[in-house]
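Here the sequence shown stands for residues 0 to 89, where the numbers follow numbering that gives the first Met the number 0. C-beta: ideal position from N, C-alpha, C; glycine also. Remarks on the structure that follows.
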Amino acid sequence: MRIDTNVAPVGVEIEGREYSLAPRTAALAEKLRRVEQRAVRKGKPRHELELEQLELLLGRGAVRELFRSGERENLDRLEAIYYGVLMALE
(Lines of atoms letter the chains of each structure in order from A; the text may use other names.)
(Lines give C-alpha, C1' and ligand atoms only; values in the text may rest on other atoms or scores of the structure.)
Protein backbone atom coordinates (compact mmCIF):
# COMPACT_ATOMS: atom_id res chain seq x y z
CA MET A 0 0.00 0.00 0.00
CA ARG A 1 1.20 3.52 -0.80
CA ILE A 2 -0.19 6.60 0.91
CA ASP A 3 0.73 9.99 -0.53
CA THR A 4 0.85 12.57 2.24
CA ASN A 5 1.76 15.52 0.01
CA VAL A 6 -1.22 17.81 0.22
CA ALA A 7 -1.29 20.79 -2.10
CA PRO A 8 -2.72 24.05 -0.77
CA VAL A 9 -6.39 24.40 -1.59
CA GLY A 10 -7.60 27.43 -3.44
CA VAL A 11 -11.07 28.56 -4.38
CA GLU A 12 -12.14 30.65 -7.34
CA ILE A 13 -14.77 33.23 -6.53
CA GLU A 14 -16.09 35.47 -9.28
CA GLY A 15 -12.99 34.93 -11.41
CA ARG A 16 -10.44 35.53 -8.64
CA GLU A 17 -8.36 32.88 -6.91
CA TYR A 18 -8.19 32.85 -3.10
CA SER A 19 -6.07 30.57 -0.92
CA LEU A 20 -7.91 28.59 1.68
CA ALA A 21 -6.46 28.24 5.17
CA PRO A 22 -4.96 24.80 5.76
CA ARG A 23 -7.40 22.36 7.34
CA THR A 24 -6.06 21.79 10.84
CA ALA A 25 -7.44 20.92 14.25
CA ALA A 26 -6.61 24.47 15.36
CA LEU A 27 -8.68 25.94 12.52
CA ALA A 28 -11.61 23.62 13.30
CA GLU A 29 -11.46 24.73 16.94
CA LYS A 30 -11.40 28.43 15.98
CA LEU A 31 -14.42 27.95 13.71
CA ARG A 32 -16.27 26.15 16.52
CA ARG A 33 -15.47 28.89 19.06
CA VAL A 34 -16.60 31.64 16.67
CA GLU A 35 -19.89 29.83 16.17
CA GLN A 36 -20.43 29.28 19.90
CA ARG A 37 -19.67 32.94 20.65
CA ALA A 38 -22.05 34.11 17.92
CA VAL A 39 -24.86 31.92 19.24
CA ARG A 40 -24.22 33.02 22.82
CA LYS A 41 -24.30 36.70 21.84
CA GLY A 42 -27.28 36.28 19.52
CA LYS A 43 -25.40 37.54 16.46
CA PRO A 44 -27.13 37.37 13.09
CA ARG A 45 -26.13 34.43 10.89
CA HIS A 46 -24.45 36.66 8.29
CA GLU A 47 -22.07 38.08 10.90
CA LEU A 48 -21.04 34.55 11.89
CA GLU A 49 -20.48 33.65 8.23
CA LEU A 50 -18.30 36.73 7.64
CA GLU A 51 -16.26 36.03 10.75
CA GLN A 52 -15.67 32.42 9.75
CA LEU A 53 -14.79 33.44 6.19
CA GLU A 54 -12.11 35.72 7.64
CA LEU A 55 -10.56 32.66 9.27
CA LEU A 56 -10.80 30.62 6.08
CA LEU A 57 -9.84 33.18 3.42
CA GLY A 58 -8.23 36.00 5.36
CA ARG A 59 -9.45 39.46 6.29
CA GLY A 60 -8.21 41.07 3.07
CA ALA A 61 -10.11 38.62 0.88
CA VAL A 62 -13.32 39.16 2.85
CA ARG A 63 -12.96 42.95 2.56
CA GLU A 64 -12.40 42.58 -1.16
CA LEU A 65 -15.37 40.27 -1.65
CA PHE A 66 -17.85 42.08 0.58
CA ARG A 67 -17.51 45.82 0.11
CA SER A 68 -21.22 46.63 0.38
CA GLY A 69 -21.37 46.39 4.17
CA GLU A 70 -24.97 46.55 5.37
CA ARG A 71 -26.21 46.49 1.77
CA GLU A 72 -24.47 43.17 1.02
CA ASN A 73 -26.55 40.56 -0.80
CA LEU A 74 -27.00 37.84 1.81
CA ASP A 75 -27.76 35.17 -0.79
CA ARG A 76 -24.38 35.89 -2.41
CA LEU A 77 -22.68 35.79 1.00
CA GLU A 78 -24.32 32.46 1.81
CA ALA A 79 -23.35 30.95 -1.57
CA ILE A 80 -19.71 31.95 -1.06
CA TYR A 81 -19.73 30.76 2.57
CA TYR A 82 -21.07 27.29 1.79
CA GLY A 83 -18.85 26.98 -1.29
CA VAL A 84 -15.77 27.71 0.80
CA LEU A 85 -16.88 25.20 3.46
CA MET A 86 -17.31 22.56 0.77
CA ALA A 87 -13.82 23.28 -0.54
CA LEU A 88 -12.46 22.94 2.99
CA GLU A 89 -13.90 19.44 3.25
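Query	Result
Where does Arg23 fall in DSSP's three states?	coil
On the DSSP bridge assignment, give the partners of Ile13 in chain order.	Arg16
Within the same chain, show all residues whose beta-carbon is closer than 7 angstroms to that of Gly10, passing over the 5 residues directly before and after it, in chain order.	Glu17, Tyr18, Ser19, Leu20
For Asn73 and Glu47, what's the separation of their Cα atoms in angstroms?	13 angstroms
When you compare each of Arg59, Leu65, Pro22, Glu89 to Glu14 by their alpha carbons, which one comes out closest?	Leu65
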